[in-house]
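Presented below is the structure to which this report refers.
Protein chains: 2
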Amino acid sequence: MQLGRAAQRMAELGNITRLSIIRLLVKSGPSGLRVGEIQEILEIPASTLSHHLSRLINVGLIEQQRKSNVLYCMPQIPVVKELAEYLLSECCSGDTNIKNL
Amino acid sequence: MQLGRAAQRMAELGNITRLSIIRLLVKSGPSGLRVGEIQEILEIPASTLSHHLSRLINVGLIEQQRKSNVLYCMPQIPVVKELAEYLLSECCSGDTNIKNL
DNA sequence: AGCGTATTTCGATAATTCTGGAAATATAGT
DNA sequence: ACTATATTTCCAGAATTATCGAAATACGCT
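Line by line, the protein sequences give chains A and B.
For the first sequence, this note's numbering begins at 1 and goes up steadily by one.
For the second sequence, this note's numbering begins at 1001 and goes up steadily by one.
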């Protein structure tokens, strides 16, 4: 992952509402939850939730799939994982003294 | 790590300048770099850099230590690690079907 | 076509953040 | 005390973001 993309994704996760959404979805698993479920569980006004969801979709952290009447939001767990790994990648490559971690 | 704290830290990492700083420091290792080194390497105006450093310090992602004339910035690698791990903690606890990750 | 439920788009306001120049502060050396 | 280097604080303008009500859209059912 390149720096700019990682920063974008971090920024989206750097909002307590959006982080709540992602945490809920990650916990729930890859099959996802409906928008309405998220709304009820987290008690977010529909328009606010929709705004945050579209931002998360924008950076690839979740995807949506329609099943008739309802939309399912699925966390893109490999993307989250990659982002997490990015933070410490190449750690200490300029300093062999890793003792005091 | 609790949600609010994690979101704060993510938000600080969600800026390309600050993420550059952290990446540089993480790569360089726990012994840190001087403020001036960071400034030269990343080519950031001093006041801008100082602003971003203070934000990173604020959330515990880096610490500073004075050595006579210069200030060293040391990445708090365990904190970064904890944050990274937070993202996927309790993953899929509500859904045993983890196959399609 | 009309209705009901689910979700998004629009629009507007308040709040926060980013950036960098100029001035201030800190520390060491003379 | 004075000078030099390193870094922060102050300030202010531009830009971005968060929030949510009201209206619009999407889809299935009858």
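No residue lacks a Cβ here, since even glycine has one placed at the ideal position from N, Cα and C.
Less than 8 angstroms between the CB atoms is what I'm expecting for LEU56 of chain A and ILE21 of chain A, so what's the real figure, rounded?
-> 7 angstroms
VAL80 of chain A: first and last residue of the uninterrupted alpha helix (DSSP H) it sits in | 77-88
Same chain, Cβ closer than 8 angstroms to LEU42 of chain A, neighbours up to 5 away in sequence not counted | THR17, SER20, ILE21, LEU24, LEU49
Beta-carbon separation of LEU13 of chain A and MET1010 of chain B under 8 angstroms?
-> yes
Please list the residues of the region 67-89 of chain A that have a C-beta atom closer than 8 angstroms to any C-beta atom in chain B, keeping them in chain order.
-> ILE77, PRO78, VAL80, LYS81, LEU83, ALA84, GLU85, LEU87, LEU88
From B:GLY1060, B:ARG1034, B:LEU1053, residue whose alpha carbon lies closest to that of GLU1082 of chain B | B:GLY1060
Applying a beta-carbon distance threshold of less than 8 angstroms, which residues of chain B neighbour VAL59 of chain A?
-> In chain order: nothing, as chain B lies at least about 10 angstroms away.
Note down the Cα distance separating ILE1038 of chain B from ALA7 of chain A, rounded to an integer number of angstroms.
-> 18 angstroms
Per-residue DSSP class, three states only, for GLN2 of chain A | coil
Alpha carbon to alpha carbon, how far is CYS1092 of chain B from LEU33 of chain A?
-> 12 angstroms
Within the same chain, show all residues whose beta-carbon is closer than 7 angstroms to that of TYR1086 of chain B, passing over the 5 residues directly before and after it, in chain order.
-> MET1001, ALA1006
Answer yes or no: does any C-beta atom of chain B fall closer than 8 angstroms to that of ILE62 of chain A?
-> no
State yes or no: is the beta carbon of GLY36 of chain A nearer than 8 angstroms to at least one beta carbon in chain B?
-> no
When A:ASN69, A:GLY94, A:LYS67, A:GLU63 are compared against GLY29 of chain A, the one with the closest alpha-carbon | A:GLU63
Which same chain residues, not among the five before or five after MET1074 of chain B, have their C-beta less than 8 angstroms away from its C-beta?
-> LEU1025, PRO1030, SER1031, GLY1032, ILE1062, GLU1063, GLN1064, GLN1065
Per DSSP, which one or two residues make a beta bridge with GLU1063 of chain B?
-> B:MET1074
List the residues of chain A that LEU1019 of chain B touches, going by C-beta distances under 8 angstroms, in chain order.
-> LEU3, ALA6, ALA7, MET10
Using a beta-carbon distance below 8 angstroms, is ARG1055 of chain B in contact with chain A?
-> no
Run the CB neighbour count on HIS1052 of chain B, radius 10 Å, all protein chains shown included, and call it buried at 16 or more, exposed below.
-> buried
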